[in-house]
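> Take this structure first; my questions come after.
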Amino acid sequence: MSRRVQPMDNRSLAETFEVIADLLEIQGEIIHKILAYRRAAESIRGLSRPAADLWGAGELRTISGVGEAIAGKIDELMRTGKLDFFEKLKRQVPVTLVDVLRVGDVGPKKAARFWKELGITSLPQLEAAARAGKLRSMAGMGERSEARLLESIAAWKARQSTRVSIARARPVAASLLDRLRHLPGVAAAEPAGSLRRWRETVGDIDLLVAADKPRAVIEAFLAFSEIERVRGRGDTKASVVLANGLPVQLWVHPPAHFGTALQYATGSQAHNVRLRELAQERGMSLSEHGFKLKDGRTAECGREEDVYAQLGLPWIAPELREDRGEIQAALDGRLPGLVTADDIRGELHAHSDWSDGAVSLEQMAEAAAGAGLEYLVITDHSKSLGVANGLTPERVRKQRKEIEALQRRLGSRLRLLHGTEVEVLADGALDFDDEVLAAFDLVTASVHSSLRQSRPRVTERMIAAIRHPHVDIIGHLTGRMIGSRDPADLDLEAVFQAAAEQGVALEINAHPERLDLNEAHARRATEVGCLLAINTDAHRPEHLSLREYGLGIARRAWVTPANVVNSWPVEQVLRWARGHAG
DNA sequence: GCCGTTTTCGGCCCGACTGTTTTCAGTCG
6 MSRRVQPMDN
16 RSLAETFEVI
26 ADLLEIQGEI
36 IHKILAYRRA
46 AESIRGLSRP
56 AADLWGAGEL
66 RTISGVGEAI
76 AGKIDELMRT
86 GKLDFFEKLK
96 RQVPVTLVDV
106 LRVGDVGPKK
116 AARFWKELGI
126 TSLPQLEAAA
136 RAGKLRSMAG
146 MGERSEARLL
156 ESIAAWKARQ
166 STRVSIARAR
176 PVAASLLDRL
186 RHLPGVAAAE
196 PAGSLRRWRE
206 TVGDIDLLVA
216 ADKPRAVIEA
226 FLAFSEIERV
236 RGRGDTKASV
246 VLANGLPVQL
256 WVHPPAHFGT
266 ALQYATGSQA
276 HNVRLRELAQ
286 ERGMSLSEHG
296 FKLKDGRTAE
306 CGREEDVYAQ
316 LGLPWIAPEL
326 REDRGEIQAA
336 LDGRLPGLVT
346 ADDIRGELHA
356 HSDWSDGAVS
366 LEQMAEAAAG
376 AGLEYLVITD
386 HSKSLGVANG
396 LTPERVRKQR
406 KEIEALQRRL
416 GSRLRLLHGT
426 EVEVLADGAL
436 DFDDEVLAAF
446 DLVTASVHSS
456 LRQSRPRVTE
466 RMIAAIRHPH
476 VDIIGHLTGR
486 MIGSRDPADL
496 DLEAVFQAAA
506 EQGVALEINA
516 HPERLDLNEA
526 HARRATEVGC
536 LLAINTDAHR
546 PEHLSLREYG
556 LGIARRAWVT
566 PANVVNSWPV
576 EQVLRWARGH
586 AG
């Protein structure tokens, strides 16, 4: 067997180019070359399939921002696992300096001066020098800069991980927005940034307020009790850190140009750059204040729709604004009609107290009806999942009787269906016999254990489940738990192919700790032709509202309702469940 | 380093805030 280098994954590849950009910037290379590396890194990070596949197919140049030189570097990394250019660069600039850049208020220019003038090559050295008062000896640095830097280092350490789950940030933002809306003179207050784009994690909370007297709003905001530290404040914006450690940015703009301001504050930065380039091509200059026209006048936009219209574009949903082809799609009139909360008619994955759910069948049914759903599939666990009180075939039969009785009481308010979340056992077999499975209205198959099997084994196991004639949906495909459990090492291309062939749907599990499929997987699955289900995996009534996080993933993955089985009428779902199996 | 119905060469988004500044560079989003 020949020894082969494991092809680099997208994330490592992107990180490599990001570090290259940082080192070049410290070295004083021209900014546009640096931005080219960053743009390529961003594109690679956002790819829906492994760059290794594109490399194998000779299609690296189809990646936006990847030209001849970077394609050559990717090729070298894929073939040898190393990059000569990078190794040489690291001998010229200490690579530990990139940590220094992660600290706020330190950019490439200062990092280079710390290194060249004081011999500082790492973050601990920088901190020690600041404490010893050695930085103020440098031109342009004073005591205040030194103190501010120490604060930044402390904040960076306290945060450790620089991003938090959107599910943690959303309620905090909602509470701040509610209070901002009640301030005098405030016409509107909206979330912006990655929060509005529904990224899985956010680095800070960006908020935008419309008011004619920005200063007064900023003053009032800075008095909010949950603010621990003010990092900056001006006439139109303020930057603070809350007591819970979350950074918050507030922008305040007059209602007259709220549209351009909201567009700007929503980002992403890459999307904004593209949009501003487009404005330039059209002979205008776009900023948060409006469009500067050739004749010197400024065209203000009160609504975001007007910003895009000024450029001849339809409004682009925030979830798409990542510079992943959305602007070209808008120019070509082929933006996807994204799935919305209103499209969702039913929940296909929910538990009751028959297994590990918190409430009775009736309470779940009432909650689903109350949430406006047309149908609910109860999918309690199967017998092998002992920790979750999985059902035996005998209890399955009893549960069906109870569901039938409950359906009679519910009448036309809700269609209640009997499903299962059946275990995919370690060998790929299912935890119920065919006869038991055949009686369910809908079968979701999931993996909860033996997630660490080798790639070939776990892939084969998953494909066996997909090919099982009674399986309709694969639940939380990779099994990852954000921050606590790694995803199974699946060959996703093979899994997506099998699911598409069988007409089996893949779940986007909306629970904020899962979000599985993630957005890249969901986009690739859609490209391959897979059906999806946006489910909450509700274990109690309140969980039904978690669907918005799954919708965020789906929308960021360019998913339209046609691909989402639980946007279909119940009869269509049942026809599909009976008919797709191969 | 990338890219192209104004270009294969000459461009590459725009403005606010900070600190140390007599006019601006650096950083950030």
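Residues 6 to 587, numbered by this note's numbering, are exactly what the first sequence covers, in order.
Ideal Cβ positions, reconstructed from N, Cα and C, are used throughout, including at glycine.
Thinking C-beta only, is Pro113 closer than 8 angstroms to Glu20?
Your numbering for residue 20 matches position 15 in the first sequence. Your numbering for residue 113 matches position 108 in the first sequence. For Glu20 and Pro113, no; Cβs fall outside 8 angstroms.
> Which stretch, first to last residue, makes up the alpha helix (DSSP H) that contains Ser451?
What you label residue 451 is simply residue 446 of the first sequence in a count that begins at 1. Counting along the chain, Ser451 falls outside any alpha helix (DSSP H), though it belongs to the beta strand (DSSP E) covering Leu447 to Ser451.
> For the structure I just gave you, are there three or more beta carbon pairs, one from the segment 233–248 and one from the segment 184–191, closer than 8 angstroms?
Segments in contact, no.
> In the DSSP assignment, find the beta strand (DSSP E) that holds His548 and state where it starts and stops.
Reading the first sequence from its first residue, position 543 is the one you call residue 548. From DSSP, His548 is part of no beta strand (DSSP E); its letter is neither H nor E.
> Buried or exposed: His258, going by 16 or more other Cβ atoms within 10 Å of its Cβ?
Position 253 of the first sequence, counting from 1, holds the residue named residue 258. With 16 or more other Cβ atoms within 10 Å, it is buried.
> Excluding the five sequence neighbours on either side, which residues of its own chain have a C-beta within less than 6 angstroms of the C-beta of Ala26, listed in chain order?
In the first sequence, residue 26 corresponds to position 21, counting from 1. The residues are Ile39, Tyr42 and Arg43.
> Just reading off the beta strand (DSSP E) that His187 is part of, what are its end residues?
Here residue 187 refers to the residue found at position 182 of the first sequence. Taken as a continuous stretch (DSSP letters only), His187 belongs to no beta strand (DSSP E), as it is neither H nor E.
> Please report how far the alpha carbon of Pro492 lies from the alpha carbon of Arg460, in whole angstroms.
Against the first sequence, residue 492 aligns to sequence position 487. Against the first sequence, residue 460 aligns to sequence position 455. Answer to the nearest angstrom: the Cα atoms are 11 angstroms apart.
> Within 10 Å of its beta-carbon, does Gln404 have 16 or more other beta-carbons around it, so buried, or fewer, so exposed?
Taking the first sequence and counting its residues from 1, one reaches residue 404 at position 399. Looking at its Cβ environment, which holds 16 or more other Cβ atoms inside 10 Å, Gln404 is buried.
> Within its chain, find whatever has a CB closer than 8 angstroms to the CB of Val441; leave out the 5 residues flanking it on each side and keep chain order.
Position 436 of the first sequence, counted from the start, is the residue given in the question as residue 441. Cβ within range, chain order: Pro398 and Val401.
> Comparing alpha-carbon positions, which option in Lys78, Phe263 and Ala504 lies nearest His526?
As a working note, residue 526 is residue 521 in the first sequence. The option with the nearest alpha carbon to His526 is Ala504.
> Taking 8 angstroms as the cut-off, decide whether the C-beta atoms of Ile349 and Met369 are in contact.
Walking along the first sequence from the start, residue 349 turns up at place 344. Walking along the first sequence from the start, residue 369 turns up at place 364. It is not a contact, given that the beta carbons lie outside the stated cut-off.
> I'd like to know whether the C-beta atoms of Leu316 and Leu283 end up nearer to each other than 8 angstroms.
Locating residue 316 in the first sequence gives position 311, where the first residue counts as 1. Locating residue 283 in the first sequence gives position 278, where the first residue counts as 1. Yes; because the gap between Cβ atoms is below 8 angstroms, this pair is in contact.
> For Pro347 and Asn568, what's the separation of their Cα atoms in angstroms?
Residue mapping note: residue 347 aligns to position 342 of the first sequence, counting from 1. Residue mapping note: residue 568 aligns to position 563 of the first sequence, counting from 1. Before going on, a small fix: residue 347 reads as Asp here, not Pro. Spanning the two alpha carbons is a distance of roughly 15 angstroms.
> Quick check on DSSP: helix, strand or coil for Pro259?
Looking up residue 259 in the first sequence gives position 254. If DSSP states are grouped into helix, strand and coil, Pro259 belongs with coil.
> According to DSSP, Ser244 sits in a beta bridge with which residue or residues?
As a first step, residue 244 is located in the first sequence; it is residue number 239 there, counting from the start. Paired residues: Gly237 and Gln254.
> Roughly how many angstroms separate the alpha carbons of Trp161 and Gly109, rounded to a whole number?
Locating residue 161 in the first sequence gives position 156, where the first residue counts as 1. Locating residue 109 in the first sequence gives position 104, where the first residue counts as 1. Roughly 8 angstroms between the two C-alpha positions.
> Check this for me: beta carbons of Ala562 and Arg519, under 8 angstroms apart or not?
For the purposes of this step, residue 562 is taken as residue 557 along the first sequence, with counting starting at 1. For the purposes of this step, residue 519 is taken as residue 514 along the first sequence, with counting starting at 1. No, the pair does not count as a contact, with Cβ atoms beyond the cut-off.
> Whole angstroms are fine: how far does the CA of Phe437 sit from the CA of Ala443?
The residue given as residue 443 occupies position 438 in the first sequence. The residue given as residue 437 occupies position 432 in the first sequence. The alpha-carbon atoms of Ala443 and Phe437 are separated by roughly 10 angstroms.
> I need the DSSP call for Leu537, collapsed to helix, strand or coil.
Start at 1 with the first residue of the first sequence, and residue 537 comes out as number 532. Residue state, collapsed to three classes: strand.
> Which residue's Cα is closest to the Cα of Ile513: Asp432, Asp496, Leu497 and Leu536?
As a first step, residue 513 must be located in the first sequence, where it is residue number 508. The option with the nearest alpha carbon to Ile513 is Leu536.
> May I ask you to report which of helix, strand or coil DSSP gives Ile68?
To locate residue 68, count along the first sequence from 1; it is residue 63. Three-state DSSP puts Ile68 in coil, outside helix and strand.
> Which same chain residues, not among the five before or five after Ala178, have their C-beta less than 7 angstroms away from its C-beta?
Working through the first sequence from its first residue, we reach residue 178 at position 173. Cβ neighbours of Ala178 beyond the five flanking positions: Pro196, Leu200, Ile210 and Leu212.
> Roughly how many angstroms separate the alpha carbons of His262 and Ala373, rounded to a whole number?
Reading the first sequence from its first residue, position 257 is the one you call residue 262. Reading the first sequence from its first residue, position 368 is the one you call residue 373. Going from the Cα of His262 to the Cα of Ala373 covers about 41 angstroms.
> Counting only runs that start and end within the segment 33–94, where is the alpha helix (DSSP H) found for 4 or more residues in a row?
If we require 4 residues or more, the alpha helix (DSSP H) runs fully inside the segment 33–94 come out as 36–50, 56–61 and 73–85.
> Is the CB-CB distance between Ser588 and Val344 below 8 angstroms?
The question about residue 588 has no answer, for the chain in this structure spans 6 to 587.
> Considering only residues of the segment 299–364, which uninterrupted beta strand (DSSP E) runs meet the minimum length of 3 residues and lie entirely inside it, listed in chain order?
List check, beta strand (DSSP E) in window: 351–355.
> Tell me, please, which residues DSSP counts as bridged to Ser230.
Taking the first sequence and counting its residues from 1, one reaches residue 230 at position 225. Bridge partners of Ser230: none, in fact.
> On the DSSP bridge assignment, give the partners of Lys297 in chain order.
By 1-based counting over the first sequence, the position of residue 297 is 292. Paired residue(s): Ser290 and Thr303.
> With Asn523 and Glu205 assumed to form a contact (beta carbons below 8 angstroms), what rounded beta-carbon distance in angstroms separates them?
Start at 1 with the first residue of the first sequence, and residue 523 comes out as number 518. Start at 1 with the first residue of the first sequence, and residue 205 comes out as number 200. That pair is a contact at about 7 angstroms.
> Please classify Glu327 as buried or exposed, where buried requires at least 16 other C-beta atoms within 10 Å of its C-beta.
Along the first sequence, read from residue 1 onward, the residue named residue 327 stands at position 322. The residue in question, Glu327, is buried, as its Cβ has 16 or more Cβ neighbours within 10 Å.
> Any contact between the segment 403–422 and the segment 453–468? By contact I mean 3 or more CB pairs, one from each, below 8 angstroms.
No, because fewer than three Cβ pairs between the segment 403–422 and the segment 453–468 fall closer than 8 angstroms, the two stretches do not touch.
> Please determine whether the Cβ atom of Cys306 lies at a distance below 7 angstroms from any heavy atom of the ligand ZN.
Here there are no bound small molecules, and the ligand ZN is not part of this structure.
> Taking Asp300 as the reference, which of Glu309, Arg308, Gly307 and Met289 has the closest Cα?
Residue 300 sits at position 295 when you count from the first residue of the first sequence. Of the listed residues, the one whose Cα sits closest to Asp300 is Met289.
> Kindly give me the distance between the Cβ atoms of Glu352 and Leu378, rounded to whole angstroms, as I take these residues to be in contact under 8 angstroms.
Counting from 1 along the first sequence, the entry for residue 352 is found at position 347. Counting from 1 along the first sequence, the entry for residue 378 is found at position 373. At roughly 6 angstroms, the Cβ-Cβ gap stays under 8 angstroms, so Glu352 and Leu378 are in contact.
> What is the residue span of the beta strand (DSSP E) that Ala505 lies within?
For the purposes of this step, residue 505 is taken as residue 500 along the first sequence, with counting starting at 1. That residue, Ala505, is in no beta strand (DSSP E); its alpha helix (DSSP H) goes Leu497 to Gln507.
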